[in-house]
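Step one of this worksheet: look at the structure below.
Protein chains in written order, with the numbering used here: chain A, -7 to 131; chain Y, 26 to 611.
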């Protein structure tokens, strides 16, 4: 179950960031921010190979004591970052991948809306509800 | 639904209604809901959201109803308090029924107390100033209570439903049961007529209560006017629902199809939407791209987030393009929003694409009709003022005769040529072109009698042309359209006259063969009759043609100029893009 989900634009500012409300949200924002460096590192490492073959799912970016941070980059350099509770050991890689895939699909749907300008904050209710489902899902 | 059921009766006993009373009350309740615009929900003005699935009656018609009961204002206040509506802020079904019972009690002379309603009472009597009110409220027996009841029973999720079942089992036979037990006599017809009157009365009465949203009503009143007789229930109800913007927020009820009045698309609305769709995209089975739709809907002057949300609701397959049903749904939502209706949480069932496609398989046959003149509409037909456009188009559409297949290829050609020259103009011209172009079909079908029809159609077209505003630019396309539609038939006669209608049949068929295909075959019998009149008509037409040509040539040159400029801009932008490109590649 994701504790925090963030969508970061190509220019590294957040398009959408949402955390489980109980916690101190600033902590998550900070984690997401620092994880961007790791994302860039991974992307540049992989980037030497053909860009086409670069996989979108980046995997575990870095683990902390309480949380694990996973990353995913789209071909337009939009990053999805997900913070997951470490205590949730049942979460497997496949599940994380599927969650990112859902995120990506919802993001594509948002992009399809002609009234959405790329670079705006994401305010789509469908996207919101999808993220909510992800955050409550794997309790 | 805790509030409605338990809270409604407060600490009082559960409400027991006889079957007759149940029928009557639910009928009245349905009316009040219907009058409010299919809506559930009056919440407090802060729009505290009533949970979906609650059927609640609008304050407006309820207040009218109570006044119609001829009780004093004080009594009515007491009743409202007792039934619990004051406490929770709205009339749920329970509160409403309790209120009705209390009214009955008060009218029978009993004190207004909860205990009064325990005993069996006659039905409450309501009289309005007009007799229609009596029809509406005084004779529930003749109105189809059953079919109305059922959706409400389904949609109500409170304990009241259980009470209904209990009541039915109990079969308490009050004296009022017998007349009500008789099956409804002629439900649909009977209901429709008084409803249409009833709503006009309601509207007039609520006008006093809600002077503010008047403007929103006006434009819609007109388009509904001509179609009122034709449609019966739906447009008045729909119109009332659209028009009504109460001070209290309402939520449309999405449970069953029946109460979905604000989200139900009526026939003429549907036609209008299809018409608009065709102006953007001639092929009804294809899509409107996102950018085109965006430009179009932006003209409605709703805020971008709202438009974004409407798009989200209506683009069911999230492909960034709108098919015809999706477009209709989106347009409908926009119209509703402009009229003060809050947007629903999810797409209502009556606006789902499958439902719309099933309910309105029309677009196929409308093809022939719309093809010919929709193409002549400017590419970006943008309704700045939706209401005005609606009014114009619906009024025009109401003028159409039954569409025939006489709308032929030559019309298409004639109009196509004007399309090339009629470039996207701004909005003020659109109504003009529309009003000028739309009357064309009436002119065309009567081609079988071209002589008479020509006179008639010319006469028709003249006033219609006069309707177009003074701008020469747009009147010229219309004129040209008019005259273009005329000439195909004229050459026949011009050739015929010198030959003195000797071999007119042959001539008619041969000369007309190419462009004017269909109608041409028919004119032969009647051509002989009015050749002299035709001569004059032809001459005037020629003059008009020449004028139109001159104007259009001017237009053409201007537009070519604009085109050049735009090309240059494009080249400049492409250059810029090229320069910027290496920088952005990561």
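Using N, Cα and C, we set each Cβ at its ideal position, and we do this for glycine too.
In the displayed model, residue 77/A falls within a strand according to three-state DSSP.
The residue among 57/A, 101/A and 53/A with its C-alpha nearest the C-alpha of residue 118/A is 101/A. Under the criterion of beta carbons closer than 8 Å, residue 327/Y and residue 362/Y qualify as touching, at roughly 6 Å. Taken atom to atom, the span from the alpha-carbon of residue 100/Y to that of residue 49/Y is near 22 Å. Straight across, the Cα-Cα distance linking residue 572/Y with residue 566/Y is about 10 Å. Counting only the Cα atoms, residue 312/Y lies some 33 Å from residue -2/A.
Less than 8 Å divides the Cβ of residue 355/Y from the Cβ of residue 335/Y. For the 8 Å CB-CB criterion, residue 52/A and residue 62/A form a contact.
In the structure shown, residue 10/A falls within a strand segment according to DSSP collapsed to helix, strand and coil.
The C-beta of residue 105/A comes closer than 8 Å to at least one C-beta of chain Y. In this chain, residue 117/Y is not harboured by any beta strand (DSSP E), its DSSP state being neither H nor E.
Of the residues 324/Y, 369/Y and 593/Y, the one whose Cα lies closest to the Cα of residue 288/Y is 369/Y. DSSP, reduced to helix, strand and coil, places residue 55/A within a strand of the structure shown. Contact check for residue 70/A and residue 1/A: beta-carbon distance about 6 Å, within the 8 Å limit, so the pair qualifies. In this structure, DSSP gives residue 107/A a state outside helix and strand, which the three-state scheme calls coil. Taking the CA atoms as reference points, residue 127/A sits about 51 Å from residue 45/Y. Chain-order list of chain A residues neighbouring residue 316/Y: 106, by C-beta distance under 9 Å. Around the beta carbon of residue 58/A, a 10 Å sphere encloses fewer than 16 other beta carbons of the protein chains shown; the residue is thus reported as exposed.
DSSP places residue 355/Y inside the alpha helix (DSSP H), whose first and last residues are 349 to 363. Between residue 334/Y and chain A, the shortest Cβ-Cβ separation is below 8 Å. For residue 569/Y, the secondary structure class from DSSP, reduced to helix, strand or coil, is helix. Boundaries for residue 70/A: no beta strand (DSSP E) harbours it, and the DSSP string shows neither H nor E there. In terms of Cα proximity to residue 343/Y, the closest of 358/Y, 315/Y and 332/Y is 315/Y. When the five nearest sequence neighbours on each side are left out, the beta carbons in the same chain lying within less than 7 Å of the beta carbon of residue 60/A are those of 52, 76 and 78, in order along the chain. Under DSSP, the beta-bridge partners assigned to residue 0/A are 6/A and 71/A.
Counted as a single uninterrupted DSSP element, the alpha helix (DSSP H) harbouring residue 330/Y occupies residues 329 to 339. By the rule that beta-carbons nearer than 8 Å mark a contact, residue 46/Y does not touch chain A.
One finds nothing in chain Y with a Cβ atom closer than 7 Å to the Cβ of residue -2/A; even the nearest lies about 20 Å away. Judged by DSSP secondary structure, residue 303/Y falls within the alpha helix (DSSP H) whose first and last residues are 292 to 305. In the structure shown, residue 127/Y falls within a helical segment according to DSSP collapsed to helix, strand and coil. Per DSSP, reduced to three states, the secondary structure at residue 366/Y is coil, with no helix or strand assignment. DSSP links residue 346/Y through a beta bridge to 314/Y. Against chain Y, the beta carbon of residue 118/A has neighbours under 7 Å at 337, listed in chain order.
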